[in-house]
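A.B. asks:
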Amino acid sequence: ITLTLTIETEICPVMEYFEIFLTRMVMCRRAAEFLGCQFGLEVNGAKLL
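When the letters of the sequence shown are read in order and numbered with the working numbering, they come out as residues 41 to 89.
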């Protein structure tokens with residue numbers, strides 16, 4: 041399961057976005073594991089997880 045995001049870095053730096061939404065990202069990863077899947081994250085075309 042991959043979450044694909046487009047972040048406007050002029051409005052909010054990527055690190056600030058992750059500080060705000062870290063809890064949600066952890067929940068997404070745990071939900072994917074519960075379903076027997078792997079969680080992937082792609083931000084602005086770059087695969088991070």
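All C-beta atoms, glycine included, are put in the ideal place defined by N, C-alpha and C.
Would you mind reading off the limits of the alpha helix (DSSP H) that contains GLU73?
C.D. replies: Here residue 73 refers to the residue found at position 33 when the sequence shown is read from its first residue. Per DSSP, GLU73 belongs to the alpha helix (DSSP H) from 54 to 74.
A.B. asks: What is the C-beta distance between GLU73 and THR44, in whole angstroms, given that I count them as a contact (C-beta under 8 Å)?
C.D. replies: Translated into positions along the sequence shown, residue 73 becomes position 33. Translated into positions along the sequence shown, residue 44 becomes position 4. Not quite, the Cβ-Cβ distance comes to about 19 Å (not below 8 Å), so this is no contact.
A.B. asks: Would you tell me roughly how many angstroms separate the C-alpha atoms of LYS87 and GLU50, rounded to the nearest one?
C.D. replies: Taking the first residue of the sequence shown as position 1, residue 87 is located at position 47. Taking the first residue of the sequence shown as position 1, residue 50 is located at position 10. Answer to the nearest angstrom: the Cα atoms are 20 Å apart.
A.B. asks: I need the boundaries of the beta strand (DSSP E) containing GLY85, first residue and last residue.
C.D. replies: Here residue 85 refers to the residue found at position 45 of the sequence shown. Under the DSSP assignment, GLY85 falls outside any beta strand (DSSP E); it carries neither an H nor an E label.
A.B. asks: Given a cut-off of 8 Å, decide if THR42 and GLY85 are closer than it, judged by their beta-carbon atoms.
C.D. replies: Here residue 85 corresponds to residue number 45 of the sequence shown, with the count starting at 1. Here residue 42 corresponds to residue number 2 of the sequence shown, with the count starting at 1. Cβ atoms of GLY85 and THR42: not closer than 8 Å.
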